[in-house]
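A.B. asks: Chains as they are written, first to last, in my numbering: chain A, 1 to 321; chain B, 322 to 622.
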């Protein structure tokens, strides 16, 4: 219980610090009033705008207001689109989530069998091939993979569209193919490697040797005894996935013109549309922290050593990341 | 990709299958020659790009726009890998473009590793409250999606080489600090450290003279493993036009320029992207090799 409480307190504190960083960063870019107003605005106009958005008050008060706005999802208006951010963003988030969900399914469906297969065929041809593909997947930049896939399958062969997302429904599944592959590659690669090394480590454990000595069938040893224990690092991975999914979605969405949160964010960055930047970064920071917190708490459920605060278990856990 | 080293091909015997014989050249990889030569070429291009490039990478030639690579119809050997939309030589731009990746990687790693190692050393050595505060900050930093942080930075202080270096260092220091700290925790338990403390050396001297040399292996391994990461980050930011601005050629930018021409000029983005993939792959494999030889216990990194 003490562990849970302290983890929650920590996550909360980190969130406040993140918000402070975002606040300082966006304010360091200049007075928001100047960004909203035309260049030739009079001093009176500037002053009244400052009073309106609150930048005439002290930084501490401003930060307080900023925190309150962020926690109540009051993100203000987009400087470019002149519409409330809360109206612009939700559908974009939905589009991004669809893409990420498709990619998560693909990763889980491919990385699990391949990682386990590579570990059981250690050093042989299948292992080498899988390892090479994984190594290449980690090295090739996502935006390049996306463009190569696009020029082969969309431009040359014409099997799938080159960009956009259609209606986004299941009937438009063809729009999902290339973006899903592109977003998945990096995580597929890391997860296959992680699962393989985690399996190899567990395959060496004493309890596995005991199971083998007792005459448990090979398949049962691999899938029941080893696989279950090799899953622990995968939980850490899921927390990392949230963060990487965000970065991956920015690149993929730009390459394939996917109308998601990533491409919206890039457009906001280019036009210095700070209300949108602020909202997106804030939401993502909160999501990533929440994911990390949930995984840490799940660990405590799965691994009793963490509940009693054994440093060995905690070290083993952070090593997995 | 726990490659060469961890899995040794068993001593050759008459029983080995064809598949295994096929992979016998793996023995050559006792020294990672392929990776080292790729990295050598990369560094050479980064240092001497202007002098070895066959054409001026900045010279535009509107009559030679979008020429294909030399082996295709319409390509000439003057432009080995074709030309871009302004008629600039892709091959020469790739050679010169190595510099941006190289400089960013070196600067970010120098900054991140020195800062991170120092912080990790301090945290691990002193322990207690200092340690837990520093490690919480490191964990928080690592949780934040890096691309977002770097893009935010680019929006606030403007895109440029220094922005990319700063963005990369923000995350790198935390990775180094975490690793070094955990190493220091075990090294500081050793007798010679305790004895040196009994002999009355200062904290500073114990950290620098007695502990630091024993964690340097890990620093070197992590440095190599992170090189590929920084190069990819630089390329990604350049691709998103938040990295090194034109006219300096960078690989990421070149891929981005080819984006609108996937139908009429695939070579615009394919070759620069391939350069990124090959260089990053070489650094990653070299890092794996170093780790297996210097520091096998870091296998999970």
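The beta carbon of each residue, even a glycine, is placed where N, CA and C say it ideally should be.
#1: Would a C-beta distance cut-off of 7 Å place residue 555/B and residue 422/B closer than the cut-off?
#2: Taking 6 Å as the limit between beta carbons, can you name the residues of its chain near residue 560/B, skipping five residues before and five after?
#3: Return the residue from the list 127/A, 234/A and 108/A that minimises the CA-CA distance to residue 299/A.
#4: Sort 194/A, 149/A, 25/A and 257/A by Cα distance to residue 99/A and report the nearest one.
#5: Using a Cβ-Cβ cutoff of less than 7 Å, which residues in the same chain neighbour residue 444/B once the five nearest sequence positions on both sides are dropped?
#6: Mark residue 249/A as exposed unless 16 or more other C-beta atoms lie within 10 angstroms of its C-beta, in which case mark it buried.
#7: May I ask you to report which of helix, strand or coil DSSP gives residue 57/A?
#8: Just to confirm, is the Cβ distance from residue 93/A to residue 261/A under 7 Å?
#9: Pull up the CB-CB distance for residue 115/A and residue 185/A, whole angstroms please, since I reckon it's below 8 Å.
#10: So what's residue 420/B in DSSP terms, helix, strand or just coil?
#11: Measuring straight from C-alpha to C-alpha, what distance separates residue 154/A and residue 63/A?
#12: Taking C-beta pairs closer than 7 Å, name the residues in chain B that residue 292/A reaches, listed in chain order.
#13: Using a Cβ-Cβ distance cut-off of 7 Å, determine whether residue 592/B contacts chain A.
#14: For residue 77/A, I'd like the list of residues in its chain whose CB is within less than 8 Å of its CB, leaving aside the five on either flank, ordered along the chain.
#15: Where does residue 605/B sit, in a helix, a strand or coil, going by DSSP?
#16: DSSP has residue 84/A in a bridge; who is on the other side?
#17: Below 8 Å on the Cβ atoms is my guess for residue 628/B versus residue 551/B; work out the distance and round it to an integer in Å.
#18: Count the CB pairs spanning the stretch 106-125 of chain A and the stretch 192-206 of chain A that are closer than 8 Å, and state whether there are at least three.
#19: Quick one, are the C-beta atoms of residue 583/B and residue 151/A less than 7 Å apart?
#20: Identify the continuous alpha helix (DSSP H) that holds residue 223/A and give its terminal residues.
#21: For residue 204/A, which of helix, strand or coil comes out of DSSP?
#22: Contact defined as beta carbons within less than 8 Å: I believe residue 143/A pairs with residue 221/A. What is the distance between those atoms, to the nearest angstrom?
#23: How big is the Cα-Cα spacing for residue 495/B and residue 259/A?
#24: Check the Cβ-Cβ distances between residue 103/A and every residue of chain B, and say whether any is below 7 Å.
#25: Just to confirm the assignment: which complete alpha helix (DSSP H) runs, minimum length 4, are found wholly within the stretch 411-482 of chain B?
#26: Determine the DSSP secondary structure at residue 336/B, reduced to helix, strand or coil.
#27: Excluding the five sequence neighbours on either side, which residues of its own chain have a C-beta within less than 7 Å of the C-beta of residue 156/A, listed in chain order?
#28: By the 10 Å Cβ neighbour count, where 16 or more other Cβ atoms means buried, how is residue 237/A classified, buried or exposed?
#29: For residue 176/A, does the count of other Cβ atoms within 10 angstroms reach 16, so buried, or fall short, so exposed?
#30: How many angstroms separate the CA atom of residue 615/B from the CA atom of residue 380/B?
#31: Which chain B residues sit within Cβ distance under 7 Å of residue 289/A?
#32: Relative to the C-alpha of residue 348/A, which candidate in 106/A, 203/A and 267/A has its C-alpha closest?
#33: Who are the neighbours of residue 164/A on chain B, taking C-beta pairs under 9 Å?
#34: What is the rounded straight-line gap between the Cα of residue 383/B and the Cα of residue 529/B?
#35: Going by the beta-carbon positions, is the gap between residue 508/B and residue 535/B smaller than 7 Å?
#36: Would DSSP call residue 323/B helix, strand or coil?
C.D. replies: The relevant details are as follows:
#1: Using a Cβ distance threshold of 7 Å, residue 555/B and residue 422/B count as a contacting pair.
#2: 573, 576 and 577
#3: 234/A
#4: Answer by Cα proximity: 257/A.
#5: Result list for residue 444/B: 451, 452, 455, 456, 498 and 502, in chain order.
#6: buried
#7: coil
#8: yes
#9: That belief does not hold up - the Cβ atoms of residue 115/A and residue 185/A are roughly 15 Å apart, past 8 Å.
#10: helix
#11: 48 Å
#12: 464
#13: For residue 592/B, the answer is no, since every Cβ of chain A falls outside 7 Å of its Cβ.
#14: 83, 84, 85 and 275
#15: helix
#16: 77/A
#17: Residue 628/B lies beyond the range of chain B shown here (322 to 622); nothing can be said about it.
#18: yes
#19: The Cβ atoms of residue 583/B and residue 151/A sit closer than 7 Å to each other.
#20: No alpha helix (DSSP H) contains residue 223/A, which DSSP labels as neither H nor E.
#21: coil
#22: In fact, because the Cβ distance is near 42 Å, the residues do not count as touching under 8 Å.
#23: 33 Å
#24: Not an interface residue.
#25: 411-447, 449-464 and 467-478
#26: With a pLDDT of only 47 at residue 336/B, under 50, the local geometry of the prediction cannot be trusted, and the value read off the model is given with reservation. DSSP places residue 336/B in coil when its eight states are reduced to three.
#27: none
#28: buried
#29: buried
#30: 46 Å
#31: 464
#32: Residue 348/A lies beyond the stretch modelled for chain A, which goes from 1 to 321, so this question has no answer here.
#33: What residue 164/A touches in chain B: nothing, since even the nearest Cβ is about 15 Å away.
#34: One C-alpha to the other measures close to 59 Å.
#35: yes
#36: Any reading at residue 323/B needs caution, since the residue's pLDDT is 41, under 50, leaving its predicted position unreliable; the model's value is listed next. DSSP, reduced to helix, strand and coil, places residue 323/B outside both helices and strands of the structure shown, so it counts as coil.
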